[in-house]
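Contents: one structure, followed by commentary.
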Amino acid sequence: MKERFVVIPVDSGGVATREGEHSPPAGAQPAADTGGSSSGEEKEPLEDSVFEPQDTEAAVPILEYDREPNKYGDGVPKENSPFINNTEHDKNNSYDGTNMALFEEEMDSHPMVSSLLNKLANYTNLTQGAHEHEEADEEEGAKKKSVKSPQMGTFMGVYLPCLQNILGVILFLRLTWIVGTAGILESLGIVGLCCACTMLTAISMSAIATNGVVPAGGSYYMISRSLGPEFGGAVGLCFYLGTTFAGSMYILGTIEILLTYIVPQAAIFIAEQKEDEVDALLNNMRVYGTCCLILMSIVVFVGVKYVNKLALVFLACVILSILAIYAGVIKSIFEPPDFPVCMLGNRTLKNNDFDNCVKTEIIDNLTVTTKLWSIFCEGPELNATCNEYFENNNLTLVQGIPGLTSGVISENMWSQYGPLGKLVEDKKLSSVGGSDPAKDIYLPYVVNDITTFFTLLVGIYFPSVTGIMAGSNRSGDLRDAQKSIPIGTILAIATTSFIYISTVVLFGACIEGVLLRDKFGDSVKGNLVIGTLSWPSPWVIVIGSFFSCCGAGLQSLTGAPRLLQAIARDGIVPFLQVFGHGKANGEPTWALLLTAGICEIGILIASLDAVAPILSMFFLMCYLFVNLACAVQTLLRTPNWRPRFRYYHWTLSFLGMSLCLAIMFISSWYYAIIAMAIAGCIYKYIEYRGAEKEWGDGIRGLSLNAARYALIRLEEAPPHTKNWRPQLLVLLNLDSDQGVKHPRLLSLTTQLKAGKGLTIVGNVLQGTYLIRETEAKKAEQNIKAAMSAERTKGFCHVVVSSNLRDGVSHLIQSAGLGGMKHNTVLMGWPGTWRQSNDPLSWKNFIETVRETTAAHQALLVAKNVDSFPTNQDRLGEGTIDVWWVVHDGGMLMLLPFLLRQHKVWRKCKMRIFTVAQMDDNSIQMKKDLQMFLYHLRLDAEVEVVEMHDNDISAFTYEKTLVMEQRSQMLKQMHLSRTEREREAQLIHDKNTAAHVAMNDKAEAGPERVHMTWTREKLFTERNRNREANANVAVRDLFNMKPEWESLNQSNVRRMHTAVKLNEVVVNKSQGAHLVLLNMPGPPKNRGGDENYMEFLEVLLEGLNRVLLVRGGGREVITIYS
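Residue numbers (this note's numbering): 195 to 1315.
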C-alpha cells in the first residue's frame, strides 16, 4: 500500500482541516480524538509553545500520515542535544494536549518530530576562528552582534585558500634547481609521488569531512574524532609543529629573496674569505629572520584582521607570478630573453664581479686584460702567472634561456647529482686539465652548496604540496562545507599538480642545465633563476614570491597558535592547558609566544634545505593518520560512517597511508624515526595522564572488532594448560554507602595479575533494578574508583537481584563473554559468620563454594584480607608457605610464582609442605617433589611433614560437642539472639543435672542428652528457669560435658583432622608472610553446612594471612615447554 505524507495546517485550537473538508462552526464540538476541548468554552492559549502566532489564523505546519489523519504532535520537548540550539525559553516548555498523551511522560527525553525539525532548521555552524575574535574586539560590549550565517562558497572558501597555501616558496626558490639536479624524469617522479600522496589524502579527508558537520578546527578535529584523543593529540601536535616549522621555512624564504635578489648590500655579515661565505649567509639569515619573526608576531598579536585582509593581495601575487612564468615560456618561443652564462671550459662562472666573458679585449688598438683575468691571474699584466685551467681553456658564452624550441629538453632529462663542492659543469663543452680543489674554492666557480641525492630532493620538495587542509580548516566559514571541501580541495590539488608537472617540463625545455643547477642564480648576476624566464621582468617573480612568502609566514603564525589553543582547550594534554588561555576576545596569546619560540628554532637552523624535510615529516604524519582514519572507519563499517562524498575506498586510503610512510623514510629515515618517536611519546603521555574522552572514535571501534574476532577465536577450543592463567571474578562486599569494604582484596588481585589474565570485579545488590538503579550506578562508580586506586585493570559488574544468593549465582554463571570468562573466583572469608544474626551469611558462602565446584572453577578465599599488604608495601625477607595436602591441578604451586612476580612479594621465598601418612615413604616423597618442582622450573624449599594416627584427644571431642550442640540449637530454635542465650543456659542446666545423677548412681547406665524439643517443652523450660538464669552468659555453653559416644563419629574424625593439621601448620608457618592451604570441600549432605564452617575455623585458627585454594578440576601447570 502506498504511503503518503502531507503537510497540513493546524489552527490554534489544535483542530486539523482535511483536504476537501470545512472547518467546524464556532460553537461546534470537535471530535474526541483531535485534541480539542470537549466543552464549548474558549480554549486557553499555550503559554510555553514554541510557535506563538500573532492571530488565530496563524497555522503550524506539521506532518500528517494519510492513514491516520488525526494523530499528530503539537508538544515541545525539553531537548538537550549537542546538535540543537538550547535556549532558556525551551527549558520552561511543557506538553499540553491530548493528541499525543500516550507519550507525554517521555517528552523530556523523546522530543516530538516537529520540534526536532524546527530546532535543527535553526542550527547554525558558528566559526571559532580569527574573524570572530576580531569582531569581538570591535563590539561595544553592551549590544551583542547578530550572528551572520556563513556565506563562503567553494571557490572563495576552499579553492583559493588551498591554492595560496600549496603554491609557495619551493616553487619559486627551489623547483628549477630540483629539475636541473634530478633531471626531468626523476623530477616528474618526485612531483608525481608527492602529488599522488596529497590527492589520496584529500580523498580520505573529503570522506571524513562530509561525514557530518565539521566545526572549526579542521584536520585536528577530524583526526581526533576519528581516531580518538590519543592519536588526535599526537597527530594534532605533529600538525602544529609542521605548521610552525612551515612558518620558519616561509620566513627563511622571505629573507633569502630579500638578501639574495632584492638588496644584497643589506647583509650585515660579509665574508672576508671565500670559505666563509656560507657561514656569513647563514648568520645573516638568522639575524634578519629573527627580526622578521618578531615583526610578524607583533602583526598577528595586534590584529589578525589585517592578515585576513591582505590574504587576497598575497594570493594575487602568487597567481600573477605563475602567469608571468607561463607568459615567459610562450615568449621564449619567439624571442628568448638574453641571460648569457659565462663558461670557462665546461665550468660555470659566477659573473657578479665581471661584465665581459673574455680574457682580454682590445681598447684603442691595445690588448688589455679584463677583470676576469685579474681574478684568475696574479695581476692584470699579460705576462702574469695565471691559473693553469684558465690558461688551457677558452671562455664561452652560453645562452641561459635558449627557449622552448631549442631542444635543450633532451639534455635535461637525466640527473646530475653530486657531493658538496662539486663544480657545475656542462658536459657537452670541452675541458682541458684537471681540478685543484684546494685552489678552486677561491675562484668564482658555481658549485653545489650541499650534497645532492634523490631522497634529499623529495624531502625538500614535499612542503610545496602541503596546504591541502586550508579548506577544511575554514569549514566553519563555508555555506555548505560537505559540498565545498571535497570539490574545492581536489580541484586545487589537480590545479597545482598540473602547474608543478607543466613547470617541471617547461623549465627543462627552456632553461640551460647549468643555469638550472645554479641554485642562487650567481651565473646570471644574482638573478632569481625562475625570474629569468618570466615576462615582462624578473622583478615580477621576485616581488611576487617575496610577498607570497610573507603572506604564507603570516598565515602560519596565525593558524598554528589557534591549532594549539584548540588542542589545549580539549583538555587531552594536561601540560598544554595554559596555552588554551589568551586575550579577552579569545586570541591565543600564550600559544602565539610558544609558536614564535619554536619558529625561532627553525630560523636558527637558517637553511631552507634543512628545515624543509623537518616540516615534511610532521605533515606526512598528519596525512598518514588522515588516511588511516578513513580506512579504519570504512573497514569497520560503523553505522555512523555515512559520508556524502562517495568516491573513496579503503584501498585508496591504505595506498595513501603507505605513500606517506614511504616518503617519510625516503626523505630522511632519521627525521622519520624522530617524528614517530615524538608522536609515540605524546600518545603514551595522553594515554596515561590525559583526560578521559569518548568521541566515538574509530580506534575504539577497531578495538571492538578485534575483541570480537579474538573472542570468536577463543571460543573454538578450551585453552591449553600452557596458556592457562587465573581469570579472576572478584566478589566484593560494599557497605551501606556503597563503599568498598575490603580494598585489600583488590590489592591481592593486582598482585596476582602477573598472569595478565582477565579481572571482573563483581558485587550483588539486593532488591529490584528499577528501584535500586541509582545505587547500582553509584556502587559501580565506587568500585571503579577503588580499582583505579589499587591499579586493578579489569571490568566492573554490579548485579541487582532479589536475593544475594541468586545474584552471586548469576555472576558465577554469566560474568565474562565467550572465551574471556573467569575460571577463578576470589572472595573474602566471612569472618563474622558466628556473630551474624542472619544464617544466610554463611549459607551463601557455602553455596558459592558448591557452585564454583559445579562450574569447574577454582576458588580462592582470603582470610584476614585486611591484613594483606597493599601495593605500596614491600615485604622483606620471609616465606610464602604452600601446604599441599591434596592435588588440585597445580594451583597451589602457580599462585606463589605469580605473586613473586610482583614487587610486593619479590623478596619472599617459596616453601612447599606436604603431608605424609604412616605408610608413606617420606624420604622418597621429598625427592620426588623436588624433582617435580625442578621440572616445573620453580625454586622452592621442600619439606615433608609426617602426621601419625594419634588417638583422638579430649580437646577434639570438646570442640565437636560444642559444634554439634550449637548446630542443633540453631536448627531447632528459630529464636531471637536473647532467646538463644537463654536456651543455651537451659541446655547447660540440664547437662549439669545429668552429671550429678551419674555421680550419685554409678550403676546407672549413661544418659544421653536428648535435643528433640517440642514447642510446649520449650516454653515450660523457659518459664521455669528464666528468673534464676537471667544473668548467665552464653559462654557457659562450652562447659557442657555430655557423653562423647553420643557424638557423630564422622564429625569427630573431621574435627580431629582439622585440629591436627592446624597444629602442624601453626608450628611450621606461623611466621610466614602468607599461607596457602587446600580448601576442603563442603559436605554433600547440606545438613552439616554449619559444621563445615566450624571445621574451617579450627583449621585456620592462629594463622594471620591465609589463602584457601580450591582447584577447578583441571591441570593448570605443566612440566612441558
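For each residue, glycine too, the CB sits at the ideal point set by N, CA and C. Being a predicted model, the structure only gives us computed values, none of them experimental.
By Cβ distance, which residues of its chain are closer than 8 Å to residue i, with the 5 residues on each side in sequence left out?
i      : result
Gly682 : Thr348, Phe349, Gly351, Val352, Tyr353, Cys356 and Gly665
Tyr842 : Ile397, Ser398, Ser400, Ala401, Cys824 and Thr828
Glu881 : Glu424
Thr395 : Ile662, Tyr817, Val820, Asn821, Gly850 and Cys854
Val805 : Phe439, Ser442, Met443, Leu446, Gly796 and Ile799
Asp416 : Looking at the sequence itself, residue 416 is Met, so the reference to Asp does not match. Once the five neighbours on either side are set aside, the close Cβ partners of Met416 are Met399, Ile402, Ala403, Val408, Ser666, Val820 and Ala823.
If I follow the unbroken beta strand (DSSP E) through residue i, where does it start and stop?
i       : result
Ala1052 : Ala1052 to Lys1057
Lys141  : In the structure as shown, the chain begins at 195 and stops at 1315. Residue 141 is therefore absent and cannot be evaluated.
Gly707  : From DSSP, Gly707 is part of no beta strand (DSSP E) but of the alpha helix (DSSP H) over Gly707 to Leu710.
Gln960  : Thr953 to Gln960
Arg883  : Looking at the DSSP string, Arg883 is not in any beta strand (DSSP E); the run it does join, the alpha helix (DSSP H), is Trp863 to Arg883.
Cys990  : Phe989 to Ser995
Ile556  : Thr554 to Ile557
Glu1137 : Glu1135 to Glu1140
Leu452  : Element bounds for Leu452: n/a, residue is neither H nor E.
Asn359  : No beta strand (DSSP E) holds Asn359; the alpha helix (DSSP H) holding it covers Leu354 to Ile360.
Pull up the DSSP beta-bridge partners for residue i, would you.
i       : result
Pro534  : Gln593
Trp1078 : Thr1108
Lys713  : Lys713 is not bridged to any residue.
Thr943  : In DSSP, Thr943 forms no bridge with anything.
Arg541  : Leu538 and Glu619
Arg902  : Bridge partners of Arg902: none, in fact.
Lys1103 : Thr1073
Hey, how far is the Cα of residue i from the Cα of residue j?
i       : j       : result
Arg907  : Pro913  : 11 Å
Thr1026 : Asn997  : 20 Å
Val457  : Gly725  : 16 Å
Leu896  : Ser420  : 11 Å
Glu1137 : Trp1078 : 10 Å
Val736  : Ile451  : 7 Å
Cys511  : Thr697  : 18 Å
Arg1016 : Ser1008 : Note that residue 1016 is His in the sequence shown here, rather than Arg. Roughly 9 Å between the two C-alpha positions.
His1004 : Ala1056 : 22 Å
Phe692  : Val659  : 12 Å
Ile563  : Gly573  : The question names Ile, but residue 563 is Thr in the sequence shown. Distance between the alpha carbons of Thr563 and Gly573 is about 9 Å.
Leu946  : His1096 : 8 Å
Leu1130 : Thr845  : 49 Å
Could you tell me which of the options sits nearest to residue i, measuring between CA atoms?
i       : options                              : result
Arg1100 : Leu1086, Phe1091, Val592 and Val994  : Phe1091
Ile1074 : His1267, Phe1039, Trp1023 and Gln676 : His1267
Ser491  : Arg999, Pro782, Glu974 and Arg1280   : Pro782
Thr1018 : Val924, Asp1000 and Val992           : Val924
Thr554  : Phe859, Leu543 and Ser568            : Ser568
Thr1040 : Ala1134, Arg999 and Val1059          : Here residue 1040 is Ile; the residue named in the question, Thr, does not match the sequence. If we check each option's Cα against that of Ile1040, Arg999 comes out closest.
Asn546  : Asn540, Lys525, Ala460 and Thr454    : Thr454
Asp674  : Gly406, Leu1290 and Ile360           : Gly406
The alpha helix (DSSP H) spanning residue i covers which residue range?
i       : result
Ser400  : Leu369 to Ala403
Val472  : Glu471 to Val496
Val1002 : Leu998 to Ser1008
Leu1086 : Met1085 to Arg1094
Thr690  : Ala675 to Cys704
Thr726  : Val723 to Leu727
Val820  : Leu802 to Leu830
Arg756  : Pro732 to Asp764
Asn1298 : Counting along the chain, Asn1298 falls outside any alpha helix (DSSP H), and DSSP gives it neither H nor E.
Counting only the same chain and skipping the five closest in sequence on each side, list residues whose C-beta sits under 7 Å from that of residue i.
i       : result
Leu1293 : Ala1252, Leu1255 and Asn1256
Glu380  : Ser609 and Phe648
Phe839  : Ser400, Ala401, Thr404 and Pro680
Ala980  : Val934, Pro937 and Leu940
Report all residues from its chain with a CB closer than 6 Å to the CB of residue i; omit the five preceding and five following residues, and keep chain order.
i      : result
Phe533 : Gly594, Ile595, Val718 and Thr726
Ala226 : Model confidence at Ala226 stands at a pLDDT of 40, short of 50, so the residue's coordinates are unreliable; what they give is reported in the following sentence. Same-chain partners within the cutoff: there are none.
Ala465 : Glu471 and Ala474
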